[in-house]
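What follows is a single structure, written as structure tokens, with notes after it.
Number of protein chains: 2
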Amino acid sequence: MTDLRVFVVDDEPEVAAGHAAYVRRVPGFEVVGTAGTVQAAVAVLTRQAVDLVLLDLNLPDGHGLDVVRGIRAAGRPIDILAITAAREVEHVRSALALGVVGYLLKPFTFADLRERLEAYRRFREELAGATSASQATVDAMFGELRRPTSSGTSPKGLARDVLEAVIGALTDAQPSALSASEVADAVGTSRVTARRYLQYLADEGRVARAQRLGGSGRPEVTFAWRR
Amino acid sequence: MTDLRVFVVDDEPEVAAGHAAYVRRVPGFEVVGTAGTVQAAVAVLTRQAVDLVLLDLNLPDGHGLDVVRGIRAAGRPIDILAITAAREVEHVRSALALGVVGYLLKPFTFADLRERLEAYRRFREELAGATSASQATVDAMFGELRRPTSSGTSPKGLARDVLEAVIGALTDAQPSALSASEVADAVGTSRVTARRYLQYLADEGRVARAQRLGGSGRPEVTFAWRR
DNA sequence: ATCCTTGTGTTCATAGTGTTCACCCGCCCG
DNA sequence: CGGGCGGGTGAACACTATGAACACAAGGAT
Numbered sequence: 026m027t028d029l030r031v032f033v034v035d036d037e038p039e040v041a042a043g044h045a046a047y048v049r050r051v052p053g054f055e056v057v058g059t060a061g062t063v064q065a066a067v068a069v070l071t072r073q074a075v076d077l078v079l080l081d082l083n084l085p086d087g088h089g090l091d092v093v094r095g096i097r098a099a100g101r102p103i104d105i106l107a108i109t110a111a112r113e114v115e116h117v118r119s120a121l122a123l124g125v126v127g128y129l130l131k132p133f134t135f136a137d138l139r140e141r142l143e144a145y146r147r148f149r150e151e152l153a154g155a156t157s158a159s160q161a162t163v164d165a166m167f168g169e170l171r172r173p174t175s176s177g178t179s180p181k182g183l184a185r186d187v188l189e190a191v192i193g194a195l196t197d198a199q200p201s202a203l204s205a206s207e208v209a210d211a212v213g214t215s216r217v218t219a220r221r222y223l224q225y226l227a228d229e230g231r232v233a234r235a236q237r238l239g240g241s242g243r244p245e246v247t248f249a250w251r252r
Numbered sequence: 026m027t028d029l030r031v032f033v034v035d036d037e038p039e040v041a042a043g044h045a046a047y048v049r050r051v052p053g054f055e056v057v058g059t060a061g062t063v064q065a066a067v068a069v070l071t072r073q074a075v076d077l078v079l080l081d082l083n084l085p086d087g088h089g090l091d092v093v094r095g096i097r098a099a100g101r102p103i104d105i106l107a108i109t110a111a112r113e114v115e116h117v118r119s120a121l122a123l124g125v126v127g128y129l130l131k132p133f134t135f136a137d138l139r140e141r142l143e144a145y146r147r148f149r150e151e152l153a154g155a156t157s158a159s160q161a162t163v164d165a166m167f168g169e170l171r172r173p174t175s176s177g178t179s180p181k182g183l184a185r186d187v188l189e190a191v192i193g194a195l196t197d198a199q200p201s202a203l204s205a206s207e208v209a210d211a212v213g214t215s216r217v218t219a220r221r222y223l224q225y226l227a228d229e230g231r232v233a234r235a236q237r238l239g240g241s242g243r244p245e246v247t248f249a250w251r252r
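The listed protein sequences correspond, in order, to chains A and B. If you use our numbering, the first sequence corresponds to residues 26 to 252, in order. If you use our numbering, the second sequence corresponds to residues 26 to 252, in order.
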């Protein structure tokens, strides 16, 4: 897939530039422009092809959600990641009702933003992967965006180096999938431990679970790195 | 908290009544009305105080999402639970972009609906509980709307993937019926396994059994997806 | 009537999965 | 320096999903 096009809206130019720089650091995303006002944003977004808008809700000539309304009224398939210092629950709810894909409170770290962007990309891949949905895929699509993100990224009970080894084994094996035992062999741990890490990665949405039928006996569950 | 007020929209009166009956069975919810057209729904919803709309997307005078647009345009704080047989991913995405709180595919069981309603109530309680949000509470609010597990039905002895593949094979073959062997071929399992899943679906009432006479030898038992 | 052909329904070995629990290792504190 | 303590690990175990094999069933052919 080509890069996802991101548009950044913030009233302070340096902040907008900072967000843009963050976005560029995440592979698979490109920044196609910035704006500082509701008017400017709506003007651009009703014309230009954009996938995602990083939208500061606090703008000089109105509320950021007005931009969303403008886009929705124009019927454009553009997603919104709201960014704001506003902590009022009412704002959060309004944003949810307008279908934003995420709501990030300032101040946030690069890791926070990257996580949202990656969740968004998973969502887009889910979308591209299927034309006809089952309830499970619908749930997955909602879930990808609504996942209570581990913004603390604290994988409790897991060791960082083993986690990296597991990820390494999976990326090496691409595009084929590996069973828990195969990962265990590759990493040099027991199957149980490999399974723990794979489970974590699957919950996190970073690997996909599937089944490998064929031999007699119970089928294998396989894990594949998502790209 | 007082009961959450639910409004039901479906073009077929009996179906609307059925949904309403389902809703009444869930403690903490009450049904405050029904409608069968986009016009009627918008007319009521722009006046009446309602918390949640069970919205069938297939309506005689337009698309269900038009109702959502009408409500959003009127700026009313009403949430939507979309209900539809439409499996096109594009529809799911549109619904997401309009901020629906859930998307339930027909046919669904009472347990499925109850689960969504309860998730929605948790969301509302979350909302009422705090006036000022942290990133964690924002995440919780987004996450509450996510279906916790697709555990609406977790049949023992059956794998979810295979079950979906079987359902997929049957819906693809609509309106003709398939024998157990044909399903097995389509799914890639043995006949025994296919039969197990078909048996389950038949017990569950989601699939109809019939006979196919004709060839020489014993007649075949066939299974057809029920609309 | 009897066989033959084709497909049903069931049993059971097999090869996996998922979970529990005792252990071990490093670290902090007395 | 010895004794707790907290997190990560894997041996052992209970359970689960699958298909080969088999016994039975229901029509048509002879």
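All residues carry an ideal CB built from backbone N, CA and C; glycine is no exception. Bear in mind that the values here come from a model prediction, so they are computed numbers and not experimental data.
Notebook entry, point to check: Is there at least one Cβ from chain A nearer than 9 Å to P102 (chain B)'s Cβ?
Noted result: Answer yes: the Cβ-Cβ gap between P102 (chain B) and chain A drops below 9 Å somewhere.
Item checked: Residues near L29 (chain A) by beta carbon distance below 7 Å, same chain, minus five either side -> Within the same chain, G53, F54, D76, L77, R146, R149 come within 7 Å of L29 (chain A) by CB-CB distance, once the 5 residues on both sides are set aside.
Next item on the list: Let me know if D86 (chain A) comes out buried or exposed under the rule of 16 or more other beta-carbons within 10 Å of its beta-carbon.
Entry: So D86 (chain A) counts as exposed.
Next item on the list: Give the straight-line distance between the Cα atoms of R237 (chain B) and Q199 (chain B), rounded to the nearest whole angstrom.
Entry: Straight-line spacing of the CA atoms in R237 (chain B) and Q199 (chain B) works out to 16 Å.
Notebook entry, point to check: R220 (chain B) and A209 (chain B): beta carbons closer than 9 Å?
Noted result: Yes; because the gap between Cβ atoms is below 9 Å, this pair is in contact.
Note to self: Let me see if you follow: with CB-CB separation under 9 Å, is L184 (chain B) close to chain A or not?
What the structure shows: Note that residue 184 (chain B) is Ala in the sequence shown here, rather than Leu. Yes, because at least one Cβ of chain A sits closer than 9 Å to the Cβ of A184 (chain B).
Item checked: E37 (chain B), DSSP secondary structure in three states -> Three-state DSSP puts E37 (chain B) in coil, outside helix and strand.
Notebook entry, point to check: Short check: CB of G95 (chain B) to CB of T71 (chain B), under 9 Å?
Noted result: Result yes, Cβ atoms of G95 (chain B) and T71 (chain B) sit closer than 9 Å.
Item checked: Interface flag, L226 (chain A) vs chain B, CB-CB below 9 Å -> So no, L226 (chain A) is outside the interface.
Next item on the list: With 9 Å as the threshold, decide whether the Cβ of S175 (chain B) is near any Cβ in chain A.
Entry: Only weak support exists for where S175 (chain B) lies, its pLDDT of 47 falling under 50; the coordinates are left without a value.
Item checked: Residues that DSSP places opposite S204 (chain B) in a beta bridge -> DSSP output for S204 (chain B) lists B:T247 as bridge partner(s).
Next item on the list: Tell me, please, whether the CB atom of I108 (chain B) is closer than 9 Å to any CB atom in chain A?
Entry: Chain A, which has no Cβ nearer than 9 Å to the Cβ of I108 (chain B), makes this no.
Notebook entry, point to check: DSSP three-state call for G87 (chain A): helix, strand or coil?
Noted result: In the displayed model, G87 (chain A) falls within a strand according to three-state DSSP.
Item checked: Beta carbon proximity, T214 (chain B) to chain A, threshold 9 Å -> Under the Cβ distance rule, T214 (chain B) counts among the residues neighbouring chain A, one pair being separated by less than 9 Å.
Next item on the list: Consult DSSP for S241 (chain B) and reduce its assignment to one of helix, strand or coil.
Entry: Residue state for S241 (chain B) is assigned as coil, using DSSP reduced to three classes.
Notebook entry, point to check: Taking any Cβ of chain A, which residues in the segment 113 to 137 of chain B have a Cβ under 9 Å from it, in chain order?
Noted result: Within the segment 113 to 137 of chain B, those residues whose Cβ lies closer than 9 Å to any Cβ of chain A are, in chain order, E113, V114, E115, H116, V117, R118, S119, A120, L121, A122, L123, G124, V125, V126, G127, Y128, L129, L130, F133, D137.
Check: Can you tell which of A:F167, A:G193, A:V246, A:V232 has its C-alpha closest to the C-alpha of S204 (chain A)?
Finding: If we check each option's Cα against that of S204 (chain A), A:V246 comes out closest.
Notebook entry, point to check: In its own chain, which residues sit with a C-beta less than 8 Å from the C-beta of V191 (chain B), not counting the 5 before and 5 after it?
Noted result: Cβ within range, chain order: V208, V212, A219, Y222, L223, L226.
Margin query: Using a 10 Å radius around the Cβ and a threshold of 16 neighbouring Cβ atoms, would you call G124 (chain A) buried or exposed?
Written below: A residue is called buried once 16 or more other Cβ atoms fall within 10 Å of its Cβ, and G124 (chain A) is buried on that count.
Item checked: Start-end ranges of the alpha helix (DSSP H) lying completely within the segment 108 to 158 of chain B, minimum 4 residues -> Fully enclosed alpha helix (DSSP H) runs of 4 or longer: 114 to 122, 135 to 154.
Notebook entry, point to check: Nearest to T62 (chain A) by CA position, among A:D81, A:K131, A:A74, A:D164, is which residue?
Noted result: The shortest C-alpha separation from T62 (chain A) is found at A:D81.
Checklist line | Cβ-based burial, G182 (chain B) [other Cβ within 10 Å; buried from 16] | finding: That one is exposed.
Checklist line | Per-residue contacts from Q259 (chain A) into chain B (C-beta, under 7 Å) | finding: The requested residue 259 (chain A) is not part of the displayed model; chain A covers only 26 to 252.
Check: V232 (chain A) CB to nearest chain B CB: under 9 Å?
Finding: So no, V232 (chain A) is outside the interface.
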